[in-house]
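> Sending over a structure as structure tokens; questions will come in a sec.
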Amino acid sequence: MVVFGQPGASPYAELWRRIFNIFGGDGSDANPGLKPVLDTIRNLLDQLDAIAAAEDLDALKGMADAVDTINGIAAKITAIITAIKGDGTLTNTGIVLDIAQLIGTSNKPAIVKERPDGAVGFPPNFWNLREFLSWRRTGRFAKQLWDSAQATGSDELRAYALGWLSSWAVSAGGAPAVASIIGAPYRNQWWRARFVGNYVDLWSHGYVEAGPAPKPYTPWPNLCEAELHKRIEVPGTAFDPIALMDNLRTSTALGAGLPDFFVDYFIGAYDAVYGDLGARRPKLDAAILQDGYAMAWLVLWFQTSPETLGCNFVAPLPPDICGSPPAWTSPTSGGGSGGGSVGTPPAPSIDPKVKPENIVCAILLAILGVASFFFGGFVAGGAAIAGAIALVVTAGTIDWDKFRCDLAWYRLYLFNGLRALHDVLALGALVHPYKNELVEDQTTFQLLQGIDPTIVRTGDNVVMSMPSEKRFPHVPWSGSGFSWFDRPDGEIEEPGTFAIRASAYPSGFIDDPANPFGSASVFDPVAFPFTPEGPNPDVPVGFRNAVDAVAGWLLTGGDIPDRNLDGDRGLGFAGWQFVDDAWTNPVVIEKED
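Going by this note's numbering, the first residue of the sequence shown is number 333, and it counts up by one from there.
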């Protein structure tokens, strides 16, 4: 991608590079990595659970060395917090401000980005490939992929071309419906489009994987456990996420996971369709394609693998004898967002009739210091560890029932912490929500301690299309503030246009016989700027679902129209471009070349 005239990485990749730098770390004291720390905690808890189940006192005594392993965890967590939030000085503001800038300014599509001369909008050579392949000659490119695959006789390439055709059809027909939820097309509200898209993805995944289901969608799976990265793995190619994160951190090529024959096929189709544009197109070569594939795998691994944050959807159940959970198991209670106390659990009480033999206390109190990371507070981990180690010198027996309850409460504490971290990332449009958020029309997220709960419109508000409003679409987001989970309410980009005409779920543009959107096929030719329907020339045509549309095209063949795959400017539009690549309000558009 060319960023303001200089070659550089996609801003979206830059955002993930910062996240993966913190998540993977480099093993140093300054950047130990959240994943290694989480792995240590989980492995330790698993060992302790097994020891408790077997009531193996000798094995518990053998855990003494684990205290040394976790003695440094408090320092590591402090380093992670500092890397994220900064140290309170202007010279070290952490990655939060970087990410805010990347979301709000750098990721703004070049189509509507402000130029140094005061105008708005950069030509296509400044666009990233996601924008370009969604806007320019989309039908011709889909057809070229199909024709090239047919010419090779390769079943693998034909399968890929069919996948691309399916994606083309569901985007051409469904993007206007998603735009109606967003309040504007992707171009104008790009980060809200990602936020809404994550909910639509979750809904669609459940619908396709498990079949139609009424609320509360009980049989549907969560995407956090789908392991979608495995679905795009090329046989014989195995990515190591730790190595990928390290390469990303050091700006090293991520790896060559795609076979040469596919690279040649894809770049050949790109050159065949766009080669006449010369320098007026984004650069694409083998290295860029390989990095894009590896990056897609890594993001899906982070979002949908139990090896990362995990699927913290249902809280772990303690043994029946444990009673109600202590208040401290909810890490978001108490303390302030500025780094105050989290509300630490008290030291485990000691039965005076039983000698403690509480190595477990040393371990569990140290773990508490780790869990506090998720909420920006600090726990006096060092003091807790020192006090707990003092208990180790007292040999004796242990109350196994209480020990199991202690483990259960600490596991619940960690669960609540990871759940809150997930909520923050979901609001940031970086991971998918949980399926319970498809049921409720609004969800309360307890983001950080000391901050009032944030109420976000979810459920049908973000998965069901909304009938076209007179005030659509809203102008490009300014990029300031964290408001993308709210429907925009500012100025309208004139002339107003249509997003969709009916309230319907995503099944309507995927595969639903009762689809209310329309009866035309996205493969039908269309006049610019749209095809009138019925007596009202201002109402554009709607489309039947993508599965039927693709099946119909495979039977009849023919050309594929160049539709805008972002549903930009509403339903039924053929491919178009801004006159002189300049965005204005009112917009001035022409049919693409």
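Backbone N, C-alpha and C define an ideal beta-carbon position, used for all residues, glycine too. Nothing here was measured: the structure is a model prediction, and the numbers come from that model.
#1: Name the DSSP beta bridge partners of Q521, please?
#2: Answer yes or no: do P456 and I412 have a C-beta to C-beta separation smaller than 8 Å?
#3: My parser needs the beta strand (DSSP E) runs of 3 or more residues fully inside the segment 726-804; what are they?
#4: Go ahead and label T636 buried or exposed: buried means 16 or more other beta carbons lie within 10 angstroms of its beta carbon, across all protein chains shown.
#5: Per DSSP, what are the beta-bridge partners of W908 in this structure?
#6: Whole angstroms is fine: what's the gap from D510's alpha carbon to P548's?
#7: According to DSSP, which residues form a beta bridge with E446?
#8: Quick one: grab the DSSP three-state call for S342.
#9: Please check the pair V788 and L750, which I expect to be a contact at CB under 8 Å, by giving their CB distance rounded to whole angstroms.
#10: For the ligand MG, is there any heavy atom lying closer than 7 Å to the beta carbon of T569?
#11: Identify, in the order they occur along the chain, each residue of the same chain with its Cβ nearer than 8 Å to the Cβ of L971, setting aside the five sequence neighbours on each side.
#12: Relative to the C-alpha of I846, which candidate in R803, A836, V882 and A525 has its C-alpha closest?
#13: Give a yes or no on whether the C-beta atoms belonging to L377 and L739 are separated by under 8 Å.
#14: Out of F634, G515 and T550, which has the shortest C-alpha to C-alpha gap to C556?
#15: Taking the alpha carbon of R901 as the reference point, which residue from T790, N520, A391 and N768 has its own alpha carbon closest?
#16: Based on the DSSP secondary-structure assignment, which residues constitute the bridge partners of F875?
#17: The alpha helix (DSSP H) spanning P368 covers which residue range?
#18: What does the alpha-carbon distance come out to for the pair W841 and D731?
#19: Less than 8 Å between the beta carbons of A504 and V858, yes or no?
#20: DSSP three-state call for R895: helix, strand or coil?
#21: How big is the Cα-Cα spacing for N530 and I435?
#22: Taking only the alpha-carbon atoms, compute the straight-line gap between G828 and P517 and give it to the nearest angstrom.
#23: Within 10 angstroms of its Cβ, does A542 collect 16 or more other Cβ (buried), or is it exposed?
#24: Would you call the segment 475-482 and the segment 765-779 in contact, with 3 or more CB pairs under 8 Å?
#25: Within 8 Å, do at least three Cβ pairs link the segment 463-481 to the segment 911-921?
#26: Rounded C-beta distance between G850 and F875? I'm assuming under 8 Å.
#27: What is the rounded straight-line gap between the Cα of V605 and the Cα of V920?
#28: Would you call I653 buried or exposed, if buried means 16 or more other Cβ atoms sit within 10 Å of its Cβ?
#29: Contact between the segment 813-821 and the segment 440-449: three or more CB pairs below 8 Å?
#30: Considering only DSSP beta bridges, list what H806 is partnered with.
#31: Under the three-state reduction of DSSP, which class applies to R613: helix, strand or coil?
#32: For P657, which residues in the same chain have their Cβ closer than 8 Å to its Cβ, ignoring the five residues on either side in sequence?
#33: Ignore the nearest five residues each way along the sequence and tell me which others in V528's own chain have a CB closer than 7 Å to its CB.
#34: Using C-beta distances below 7 Å, list every residue in its chain close to A386, excluding the 5 sequence neighbours before and after it, in chain order.
#35: For F355, which option in L887, D578, K734 and A834 has the closest C-alpha, if you only look at C-alpha atoms?
#36: Secondary structure at F814, three-state DSSP: helix, strand or coil?
Inspection of the coordinates gives the following:
#1: The sequence position of residue 521 within the sequence shown is 189, counting from 1. DSSP output for Q521 lists no bridge partner at all.
#2: To locate residue 456, count along the sequence shown from 1; it is residue 124. To locate residue 412, count along the sequence shown from 1; it is residue 80. No, they are not a contact pair.
#3: 774-777 and 786-789
#4: In the sequence shown, residue 636 corresponds to position 304, counting from 1. Buried is the call here.
#5: Within the sequence shown, numbered from 1, the residue matching residue 908 stands at position 576. Its beta-bridge partners are K923.
#6: Position 178 of the sequence shown holds residue 510. Position 216 of the sequence shown holds residue 548. In the sequence on display, residue 510 carries Val and not Asp. Near 22 Å, if we compare the C-alpha coordinates of P548 and V510.
#7: Translated into the one-based positions of the sequence shown, residue 446 becomes position 114. DSSP output for E446 lists V452 as bridge partner(s).
#8: Numbered from 1 along the sequence shown, position 10 holds the residue referred to as residue 342. DSSP places S342 in coil when its eight states are reduced to three.
#9: Within the sequence shown, the letter at position 456 stands for residue 788. Within the sequence shown, the letter at position 418 stands for residue 750. Not confirmed; about 19 Å, so no contact.
#10: Looking for the ligand MG in the displayed structure turns up nothing, as the structure carries no ligands at all.
#11: No answer is possible for residue 971: it lies beyond the span of the chain, which begins at 333 and ends at 925.
#12: For the purposes of this step, residue 846 is identified with residue 514 of the sequence shown, where counting begins at 1. The amino acid occupying residue 846 in the given sequence is Ala; Ile does not appear at that position. It is A836.
#13: Within the sequence shown, the letter at position 45 stands for residue 377. Within the sequence shown, the letter at position 407 stands for residue 739. Yes, these two residues count as a Cβ contact at 8 Å.
#14: As a first step, residue 556 is located in the sequence shown; it is residue number 224 there, counting from the start. Out of F634, G515 and T550, F634 has the C-alpha closest to the C-alpha of C556.
#15: Start at 1 with the first residue of the sequence shown, and residue 901 comes out as number 569. Among T790, N520, A391 and N768, the Cα nearest to that of R901 is on N520.
#16: Reading the sequence shown from its first residue, position 543 is the one you call residue 875. Bridge partners of F875: A852.
#17: Numbered from 1 along the sequence shown, position 36 holds the residue referred to as residue 368. Its alpha helix (DSSP H) spans residues L366 to A386.
#18: As a first step, residue 841 is located in the sequence shown; it is residue number 509 there, counting from the start. As a first step, residue 731 is located in the sequence shown; it is residue number 399 there, counting from the start. Note on identity: in this sequence residue 841 is Phe, with Trp being the wrong assignment. Taking the straight line from one Cα to the other gives about 59 Å.
#19: Here the question's residue 504 lines up with position 172 in the sequence shown. Here the question's residue 858 lines up with position 526 in the sequence shown. Taking 8 Å as the Cβ cut-off, A504 and V858 do not qualify as a contacting pair.
#20: The count along the sequence shown starts at 1 and reaches residue 895 at position 563. It is a strand residue.
#21: Looking up residue 530 in the sequence shown gives position 198. Looking up residue 435 in the sequence shown gives position 103. Their Cα atoms are separated by approximately 16 Å.
#22: Reading the sequence shown from its first residue, position 496 is the one you call residue 828. Reading the sequence shown from its first residue, position 185 is the one you call residue 517. Computed Cα separation, rounded: 12 Å.
#23: Within the sequence shown, the letter at position 210 stands for residue 542. When all chains shown are included, A542 counts as exposed.
#24: no
#25: no
#26: Within the sequence shown, residue 850 is the residue found at index 518, counting from 1. Within the sequence shown, residue 875 is the residue found at index 543, counting from 1. Contact flag correct, Cβ pair sits at about 5 Å.
#27: Mapped onto the sequence shown, residue 605 falls at position 273. Mapped onto the sequence shown, residue 920 falls at position 588. Between V605 and V920, the C-alpha separation is close to 25 Å.
#28: Your numbering for residue 653 matches position 321 in the sequence shown. Result: exposed.
#29: no
#30: Position 474 of the sequence shown, counted from the first residue, corresponds to residue 806. The partner list for H806 (beta bridge, DSSP) reads I824.
#31: Your numbering for residue 613 matches position 281 in the sequence shown. Coil, per DSSP.
#32: Here the question's residue 657 lines up with position 325 in the sequence shown. P650, W741 and L744, listed in sequence order.
#33: Translated into positions along the sequence shown, residue 528 becomes position 196. Closer than 7 Å at the Cβ level, and outside the excluded window around V528, lie V510, I513, I514 and V794.
#34: Taking the sequence shown and counting its residues from 1, the one referred to as residue 386 is at position 54. Cβ neighbours of A386 beyond the five flanking positions: none.
#35: Taking the first residue of the sequence shown as 1, we reach residue 355 at position 23. Closest by alpha carbon: D578.
#36: In the sequence shown, the residue the question calls residue 814 occupies position 482. Of the three classes helix, strand and coil, the one that applies to F814 here is coil, per DSSP.
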